[in-house]
Amino acid sequence: MMFRNIHVNRQPKFMIIPMIDVVFFLLIFFMMNSMQTMTQRAMSVQLPQASSAEAQTQMPIVITVDAVGHIMVDGKSMSFADAAAFFKEKAATNPNLAVVLQADKTTMHGQVAAVMDMLKTAGVKKLGIAAEKKG
């Protein structure tokens, strides 16, 4: 019996199309993931928990009060007087202005009440208080 050596020299092929698909998939994944994590968290604030906390559908102005009492409006540090002037101007141009108050759970109650009073005096009618859902 005679065996023939049938050896075909085939060069391995580098398939670039599936590689491009994977790279684009990873690019889109990381772009979408980075958009989800772009919440206004310039200061480290620990929100209190509430069983009735819900996600917001509109994009309100976010005012943040940290544990020490520093105020940030949409990521910009402001004094109390500057924040009052800012919200007075915004409420005058937009009567349906929505504001979310993020206060650290260790912030003094008086500081939170002062910010809420400042917002009411400025003419803000829609005020939400941010909280994390329990559980």
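Okay, so the sequence shown: first residue is -18 according to my numbering, each after it adds one. For glycine and all other residues, C-beta sits at the position ideal for the given N, C-alpha and C.
Under 8 Å between C-beta atoms of residue i and residue j
i   : j    : result
V80 : P41  : yes
Q92 : V43  : no
M97 : L82  : yes
A65 : A103 : yes
D85 : V3   : no
A48 : K115 : no
Contacts around residue i, its chain only, beta-carbon distance under 8 Å, and the 5 residues preceding and following it disregarded
i   : result
S60 : I52
Bridge partners - residue i, DSSP secondary structure assignment
i    : result
M53  : T45, S58
E113 : Q30
Burial state of residue i, where buried means 16 or more other Cβ atoms lie within 10 Å
i     : result
F(-5) : exposed
A111  : buried
A72   : buried
R22   : With a pLDDT of 49 at R22, under the threshold of 50, the modelled position of that residue is not reliable, and the figure given next carries that caveat. So R22 ends up on the exposed side.
Q(-8) : exposed
Helix, strand or coil at residue i according to DSSP, with G and I counted as helix
i      : result
Q37    : Residue placement at Q37 cannot be trusted, given a pLDDT of 48 that sits under 50; what the coordinates show is reported in the next sentence. Three-state result, Q37: coil.
Q92    : helix
R22    : Interpretation of R22 is limited by its pLDDT of 49, a score under 50 that renders its predicted location unreliable; no figure is taken from the coordinates.
H108   : Note that residue 108 is Leu in the sequence shown, not His. Strand.
L82    : strand
T87    : coil
M(-4)  : coil
N77    : coil
N(-10) : coil
Cβ neighbours of residue i in the same chain (closer than 7 Å, five flanking residues each side left out)
i    : result
V126 : The shown model of the chain, from -18 to 116, leaves out residue 126, and the question about it has no answer.
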